[in-house]
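2 protein chains.
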Amino acid sequence: MDRGEPIDIESDGMFSKGRLERNGSGISDDMIIREPLLKKRTNTTSQIAIVGANVCPIESLDYEIVENDLFKQDWRSRKKIQIFQYVVLKWTLALLIGLATGLVGFFNNLGVENIAGFKLLLTNDLMLKDRYFKAFLAFAGCNLGLAVAAAVLCAYIAPAAAGSGIPEVKAYLNGVDAYSILAPSTLFVKIFGSVLGVSAGFVVGKEGPMVHTGACIANLLGQGGSRKYHLTWRWLRYFKNDRDRRDLITCGAAAGVAAAFRAPVGGVLFALEEAASWWRSALLWRTFFTTAVVAVVLRALIEYCWSGKCGLFGQGGLIMFDVSSAISTYSTQDVLAVLILGIIGGIFGSLYNYFVDKVLRTYSIINERGASFKILLVITISLLTSCCSFGLPWLAKCTPCPTDPKKQCPTIGRSGNYKSFQCSEGHYNDLASLFLNTNDDAIRNLFSSGTEEEFSLYSLFIFFVAIYCLGIVTYGIAVPAGLFIPVILAGASYGRLVGTLIGSISDLDVGLFALLGAASFLGGTMRMTVSLCVILLELTNDLLMLPLVMLVLLISKTVADNFNKGVYDQIVKMKGLPFMESHAEPYMRHLVAGDVVSGPLITFNGVEKVGNILHALKTTGHNGFPVIDEPPISEAPELCGLVLRSHLLVLLKGKKFSSERVLTGDEVLQRFDAFDFAKAGSGKGVKLEDLHIEEDEMELYVDLHPITNASPYTVVETMSLAKAALLFRELGLRHLCVVPKTPGRPPIVGILTRHDFTPEHILGIYPNLKAQK
Amino acid sequence: MDRGEPIDIESDGMFSKGRLERNGSGISDDMIIREPLLKKRTNTTSQIAIVGANVCPIESLDYEIVENDLFKQDWRSRKKIQIFQYVVLKWTLALLIGLATGLVGFFNNLGVENIAGFKLLLTNDLMLKDRYFKAFLAFAGCNLGLAVAAAVLCAYIAPAAAGSGIPEVKAYLNGVDAYSILAPSTLFVKIFGSVLGVSAGFVVGKEGPMVHTGACIANLLGQGGSRKYHLTWRWLRYFKNDRDRRDLITCGAAAGVAAAFRAPVGGVLFALEEAASWWRSALLWRTFFTTAVVAVVLRALIEYCWSGKCGLFGQGGLIMFDVSSAISTYSTQDVLAVLILGIIGGIFGSLYNYFVDKVLRTYSIINERGASFKILLVITISLLTSCCSFGLPWLAKCTPCPTDPKKQCPTIGRSGNYKSFQCSEGHYNDLASLFLNTNDDAIRNLFSSGTEEEFSLYSLFIFFVAIYCLGIVTYGIAVPAGLFIPVILAGASYGRLVGTLIGSISDLDVGLFALLGAASFLGGTMRMTVSLCVILLELTNDLLMLPLVMLVLLISKTVADNFNKGVYDQIVKMKGLPFMESHAEPYMRHLVAGDVVSGPLITFNGVEKVGNILHALKTTGHNGFPVIDEPPISEAPELCGLVLRSHLLVLLKGKKFSSERVLTGDEVLQRFDAFDFAKAGSGKGVKLEDLHIEEDEMELYVDLHPITNASPYTVVETMSLAKAALLFRELGLRHLCVVPKTPGRPPIVGILTRHDFTPEHILGIYPNLKAQK
């Protein structure tokens, strides 16, 4: 056992009562509020590089071996075939991820456009016949039905599919496996739940869910589907390690963004800026390939649909706004207006984060009570949304139709800006045009240029307030819900509002103001810059507004950063996922590595008694155990290396024991296939319960040397914790051995894990650091 | 001394004769050819993190301290002011870099357009008057004069300014200081040399030089100008460390691309994909800000010029091509055509790299002979270029002018597609329209859409061959020369050639084919993907062609990667800059860290005799020395840490010596200002010659503990070299201590430096690895 403390990030129930009590004195009320919502969690991943220079079967399981660059020129021709297989497979997987994500993205849009379109057509028809109450019933009924369907899927089949999914994917790519977050059931619910949820008229987006879907697809493909079917599993063994899985899932996340926004470059940048914690140039290229495939698939399918073969799915299906601003110049007051827009947008954005946080904490209390409460909450929000969407347009006045004969007014069919609602012939209700539309169409209406008169100030104000509030109260209910679309909607209406207000001062188009407003809100909540900028560019297809979008994003991010963290970071923290930040916290500089290692340390001998190993495995949840060689095997006690729980389990299952404490060497491994030690998929590896060790075997010995990582990364106990954190983070470690400064002491002081770097752990041991902080 | 071997990457003359002889047996002919061209080199940078947890003055010099995130919440209010200063300064510097680079970019274009424009107008006028020979003399004379001016600047003032500069910037960001590569004189020559060189009609670009210029500007601003003027030096002390300089230079490089192409997002991605070796999210944001400033500055200045106040600098000054392809759909044969285009482009691209490499090696022999030979070479190439540019158009037939009255034909003024050259009234020479134009205008002509008939197949073929060859022979002469424009020119003519050839099969526009051809060549030479894609998008302002551009880039890069490395990597290698790749070489897996450490190791005592230190400093060029505590200071010999040459020099200069071997502790440091130990600019630190140690002081002792980094990163000697390389590279180290596996031996085995990971070093020790490889 590496650390005597019974509760650890790597075992279940890290934040169980016991832990909070133990460190009770150091944890203030403030911290108890911050108790994470996600309780059940397993983390079964191995240290990134488990082997030294000795060539042994274990070695060929690790990423260093299967990494393309590394053994491009390996010596044995047998290996060359493996490399070829690996490279081909890597690109095939990227292609498949792109294809699948593109298809799912298309399916998502197809579903939403048809379901929501049917609902809206029905409502519109009834409204035209002046059957207002029936129209409301139809509208609210459809919404409720769809919402309940989504909630049932979410609550009973895969609770992990609720919400955006981006925080979980981000945490996964940082090295934290949240419970069943990439399971096939989650994928299924995420796809269908998202279609149903968006169709139900909620103020939610499909972008977060698409990212999560892409990640799930990547994970599923990387595992070769289900184990039952033994599909191509021999080839996929190359991907049974942390690094390759992580790479695949990065590709998947990028493909998700690409599919949601039809923004291939934006997708790559999103993966780079927001999702991934480690990045390599090689990955840039592969991700780019995946998103290119997504773009091609979507384009092909949309072209197919232009001929009208996809029901109500029209040209406007996948969001692609043409803000043809045709601005070639802007004056000082324009820039000033944009500055102010950015500042206020940043404030609103960070407020949004604040409220989302509060609402999430409240909802989590309700959601924890069980599936039925979850569904009840969804029903409540669905009814609220329906009432707002249907009720608020009554507040708007009827506007005479524009005289331009090219514009169909009032709108008859599925899409269009001019909903008649309650208005008489030749008039339209501008608020209904926003509310009684899909979110995509509403955004398109807000972004449309050359339409200064279309929406009144009053309507825009109502819409802004309603969407801002609905967006906040909707996130957290048990349906897959993205945050991009609510934020873009609120931001666009805010921007258009400002644009209409100061229309006399500025020459910029109100559509452009709407875009800039959306950018400011996005910058204020998500805190991304380059990727948002590129996504917005790809959405609107106008490069000339680039400087203004950049300016707004920079300002709103700067402003919002003064108040709180980005919304995804906030959710990661709230869920209690032990995210390793890329920089060390300031108080870490005042501690050394030895300060946060907590004992007593339990180690194994190089040749250890089976009973001792079994006992350690049973009584702790640790995944890494130091192995110490002692006389007579070595001259003095020395650190032999680190052995992983998963490898110990495989070794014990092999039952190659000896009655004496002797080195059996690599012959032990001849009983195993080279890939027996490969990292199994979540929940698929050998478990402790699978072992059937007889009583008399308990006294036998097993040589741990063949499965020991003989050169783990180590730090000296006097190293600044900040420096150790840097090493831990940059190399993506899971275990870091702390060795003594002075010779003559036991060769290892302890092991640092991810958990030891969390503020909860450190401030738990050193409460006064918190006061100083 | 850390390693007994006298020649080291950190000392001058790493690849001197001595070294080659010593390892002669292991170095084949092939390797001697690869002997680097750059001989003089100093590398005076410190290990990335020099301090542990003990708060001492040294500590506050290191990046960990000045890093914004780290001490955002530092305890002492005095520090808070420093943090504020640091943050304000960081952003101010980013702003200034953006402003300065934008201005230089504008100046560059202004200069080129006016000088080259004047030259071309003169030639054109003379041609219209049928004075052909006089026209040639004027043309060639202008070219020669400008070329010689550029060459004189380059050869006599700053030889480091020749060539692209991107490889050197890339190496700097990897941690290798090439000699005077970022010096003010280099900046000066790069700016003016680039203007003169491009104006001289060479087939060279301004992009590489702009990147280098941006990096120089960043370096200069970060150092606070010259030391003489003491300008804001107190504030800039925060930037006197490796990491902050590196960050600034990354911003500068991105700003350079942004200024060259007016591509702000492309600039950021270029810095990320090609230039930077380490990347943080925080940097993404700052870089983005810098490029946004560049974009705004350029836009403002260009708007100013639209009114005609900038001489011949017109709307077309900064390249911005509008390939309004208006493609909404493409068929299978279009995609097939694009595939083939990409494959052939990839082959041509890698061939380009191959020839550039050969030509560079040949030129280096000439250039090494002295400045006059350099100038002679420039004169030769200039005459060759003039002859081609003026002579080849005679091969083209005169084409009747298009009937469209909107098009001015033949061209009278500065720009325009229809040069009359030798042709009679109402006719134009299509080849002259390409050759007798600035490179930017030639590219614009090639990219122009809806002009299928403008250039004949024959002319395009001649132009392609000529530019391809001229581009190859021009790079390597003593003028600042970018590679982007030659490659784009050659690629665009190739693409347009293919487009014209298969015009009957494919519906795509020839302008689009030219763009795709340029993309394929760029992918084949530079091997970037995402950044090139975005740069091309920003250049052409058309997002609809994105999937095709992505496809072409991916294919051409894949094809070309089978033959050789990217052109910048190739130049880095040829120059002998010890670039640390992000992945370990395969043969490293068969070695352990202890294998490549070469002895005998010279270490210092914790309290060391001044004479010994001075001797070690004098007789070696090493920058890191292990410090060992021995009894009576410690119980047993133990590794105290690592001390840097630069800090030793400062300490010795302070002359705080004691006559006994005692710990004097931190009082030693009271003689020093906190920033005395800050990393000085290149060539500005304390030098060995500055020390004046008396003979009797030689026997005194000095306590090294206060300036020792007490917790350097260490690896055990049995660690796989590949793993050690990963640690070294990921953390950006300069020294890595190798400690023994078993206790009881001396506490340090040796020190690994960047040099120990180079193939030259490893294959020098283990020649048989090469055979196996």
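Protein chains in written order, with the numbering used here: chain B, 410 to 1182; chain A, 410 to 1182. Glycine residues also receive a C-beta, built at the ideal position from the N, C-alpha and C atoms.
Counting only beta-carbon separations shorter than 9 Å, does residue 486/B have a partner in chain A?
To locate residue 486/B, count along the first sequence from 1; it is residue 77. Here the model assigns residue 486/B a pLDDT of 40, short of 50, so the residue's position is not dependable and the matter cannot be decided.
For a test of the three-state rule: what should DSSP assign to residue 507/B, helix, strand or coil?
For this step, residue 507/B is matched to residue 98 along the first sequence. Helix, per DSSP.
According to DSSP, is residue 947/B helix, strand or coil?
Indexing the first sequence from 1 puts residue 947/B at position 538. Of the three classes helix, strand and coil, the one that applies to residue 947/B here is helix, per DSSP.
How long is the line joining the alpha carbons of residue 864/A and residue 800/A, rounded to whole angstroms?
For the purposes of this step, residue 864/A is taken as the residue at position 455 of the second sequence. For the purposes of this step, residue 800/A is taken as the residue at position 391 of the second sequence. The straight-line gap from Cα to Cα measures roughly 18 Å.
From the DSSP output, read off the bridge partner residues of residue 1035/B.
Position 626 of the first sequence, counting from 1, holds the residue named residue 1035/B. 1051/B.
List, in chain order, every chain B residue whose beta-carbon is nearer than 7 Å to that of residue 694/A.
Locating residue 694/A in the second sequence gives position 285, where the first residue counts as 1. Neighbours of residue 694/A on chain B, chain order: 938.
Taking the beta carbon of residue 1055/A as the centre, do at least 16 other beta carbons fall within 10 Å, making it buried, or is it exposed?
As a first step, residue 1055/A is located in the second sequence; it is residue number 646 there, counting from the start. When all chains shown are included, residue 1055/A counts as buried.
Are there 16 or more other CB atoms within 10 angstroms of the CB of residue 992/B, so buried, or fewer, so exposed?
Residue numbering aside, residue 992/B sits at position 583 when the first sequence is read from its first letter. Answer is buried; the Cβ neighbour count reaches 16.
Consider the Cβ of residue 1108/A: report whether some Cβ of chain B lies at a distance smaller than 9 Å.
Looking up residue 1108/A in the second sequence gives position 699. Chain B contact via Cβ: absent.
So, are the CB atoms of residue 1034/B and residue 1048/B less than 9 Å apart?
Here residue 1034/B refers to the residue found at position 625 of the first sequence. Here residue 1048/B refers to the residue found at position 639 of the first sequence. In this structure, residue 1048/B does not lie closer than 9 Å to residue 1034/B by Cβ.
Based on Cα-Cα distance, which residue from 896/A, 504/A, 521/A lies nearest to residue 941/A?
If you number the second sequence from 1, residue 941/A lands on position 532. Checked all of 896/A, 504/A, 521/A; the closest Cα to residue 941/A is 896/A.
Could you list which residues in chain A have their beta carbon closer than 8 Å to that of residue 690/B, in chain order?
Within the first sequence, numbered from 1, the residue matching residue 690/B stands at position 281. What residue 690/B touches in chain A: 682, 991.
What are the partner residues of residue 1001/A, as DSSP defines its beta bridges?
As a working mapping, residue 1001/A is identified with position 592 in the second sequence. For residue 1001/A, which the question treats as bridged, DSSP gives the partners 1129/A.
Where do the N-terminal and C-terminal ends of the alpha helix (DSSP H) with residue 970/A fall, by residue?
Residue 970/A sits at position 561 when you count from the first residue of the second sequence. It spans 955 to 970 - the alpha helix (DSSP H) in which residue 970/A sits, taken as one unbroken run.
Under three-state DSSP, which class holds residue 992/B?
On the first sequence, residue 992/B is found 583 positions in, with the first residue counted as 1. Here residue 992/B sits in coil by DSSP.
For the region 1113 to 1126 of chain B, list every residue whose C-beta sits within 8 Å of some C-beta in chain A, in sequence order.
Correct list: 1119, 1120, 1122, 1123, 1124, 1125.
For the region 1146 to 1169 of chain B, which residues have a CB atom closer than 9 Å to at least one CB atom of chain A, in sequence order?
Going along the region 1146 to 1169 of chain B in chain order, one finds 1148, 1150, 1151, 1152, 1153, 1156 with a Cβ nearer than 9 Å to chain A.
Does the region 713 to 721 of chain B come close enough to the region 517 to 534 of chain B that 3 or more CB-CB pairs lie under 8 Å?
Verdict: yes, contact present.
Can you pull the chain A neighbours of residue 697/B, defined as C-beta to C-beta under 8 Å?
To locate residue 697/B, count along the first sequence from 1; it is residue 288. Under the 8 Å cutoff, chain A gives 938, 939, 942, 959, 963.
Let me see if you follow: with CB-CB separation under 9 Å, is residue 987/B close to chain A or not?
Here residue 987/B refers to the residue found at position 578 of the first sequence. It does not; no Cβ of chain A falls within 9 Å.
Determine the DSSP secondary structure at residue 1173/B, reduced to helix, strand or coil.
Within the first sequence, the letter at position 764 stands for residue 1173/B. Residue 1173/B falls in the helix class under three-state DSSP.
Name, please, each residue of chain A whose Cβ falls closer than 7 Å to the Cβ of residue 677/B.
Along the first sequence, one-based indexing puts residue 677/B at 268. Those within 7 Å of residue 677/B in chain A are 939.
Leaving out five residues on either side along the sequence, give the residues of the same chain with a beta carbon under 6 Å from the beta carbon of residue 877/A.
In the second sequence, counting from the first residue as 1, residue 877/A sits at position 468. Excluding positions up to five away in sequence, the list reads 899.
Which residues in chain B sit within 9 Å of residue 718/A, going by Cβ to Cβ distance?
Reading the second sequence from its first residue, position 309 is the one you call residue 718/A. Chain B residues near residue 718/A: none, gap ~16 Å exceeds 9 Å.
Give the interface partners of residue 955/B over in chain A, defined as CB-CB distance under 9 Å, in chain order.
Position 546 of the first sequence holds residue 955/B. Neighbours of residue 955/B on chain A, chain order: 673, 674, 701, 704, 947.
Distance, Cα to Cα, residue 1007/A vs residue 1159/A?
Stepping through the second sequence from its first residue, residue 1007/A is reached at position 598. Stepping through the second sequence from its first residue, residue 1159/A is reached at position 750. The straight-line gap from Cα to Cα measures roughly 7 Å.
How many whole angstroms separate the CB atoms of residue 743/A and residue 913/A, which I take to be in contact at a CB cut-off of 8 Å?
As a working note, residue 743/A is residue 334 in the second sequence. As a working note, residue 913/A is residue 504 in the second sequence. Contact flag wrong, Cβ pair sits at about 13 Å.
Do residue 1019/B and residue 1106/B have their CB atoms nearer than 9 Å?
For the purposes of this step, residue 1019/B is identified with residue 610 of the first sequence, where counting begins at 1. For the purposes of this step, residue 1106/B is identified with residue 697 of the first sequence, where counting begins at 1. Cβ distance < 9 Å, so residue 1019/B and residue 1106/B count as in contact.
Along chain A, in chain order, which residues have C-beta atoms closer than 7 Å to that of residue 708/B?
Within the first sequence, numbered from 1, the residue matching residue 708/B stands at position 299. Going along chain A in sequence order, the residues near residue 708/B (Cβ under 7 Å) are 956.
Apart from the five residues just before and just after residue 637/B, which ones in its own chain have a Cβ nearer than 6 Å to its Cβ?
As a working note, residue 637/B is residue 228 in the first sequence. Residue confidence is low: residue 637/B scores 48 on pLDDT, short of 50, so the model does not pin down where it sits. No coordinate-derived value is stated.
For residue 1132/A, decide whether its Cβ has a neighbour in chain B, counting only Cβ atoms nearer than 9 Å.
Taking the second sequence and counting its residues from 1, the one referred to as residue 1132/A is at position 723. Answer yes: the Cβ-Cβ gap between residue 1132/A and chain B drops below 9 Å somewhere.
Output needed in chain order: residues of the region 578 to 595 of chain B with a Cβ under 9 Å from some Cβ in chain A.
For the region 578 to 595 of chain B, which is checked against every Cβ of chain A, not one residue is closer than 9 Å.
Select from the region 1015 to 1043 of chain B all residues with a C-beta closer than 8 Å to any C-beta belonging to chain A, and list them in chain order.
So the close ones are 1043.
Run through DSSP, which three-state label would residue 1187/A get?
Here chain A covers residues 410 to 1182 and nothing more, so residue 1187/A does not appear.
Could you tell me whether the Cβ of residue 1001/B comes closer than 9 Å to any Cβ of chain A?
One-based indexing of the first sequence puts residue 1001/B at position 592. Judged by the 9 Å Cβ criterion, residue 1001/B is in contact with chain A.
By the 10 Å Cβ neighbour count, where 16 or more other Cβ atoms means buried, how is residue 1096/A classified, buried or exposed?
On the second sequence, position 687 is the one that residue 1096/A refers to. Exposed: under 16 other Cβ atoms inside 10 Å.
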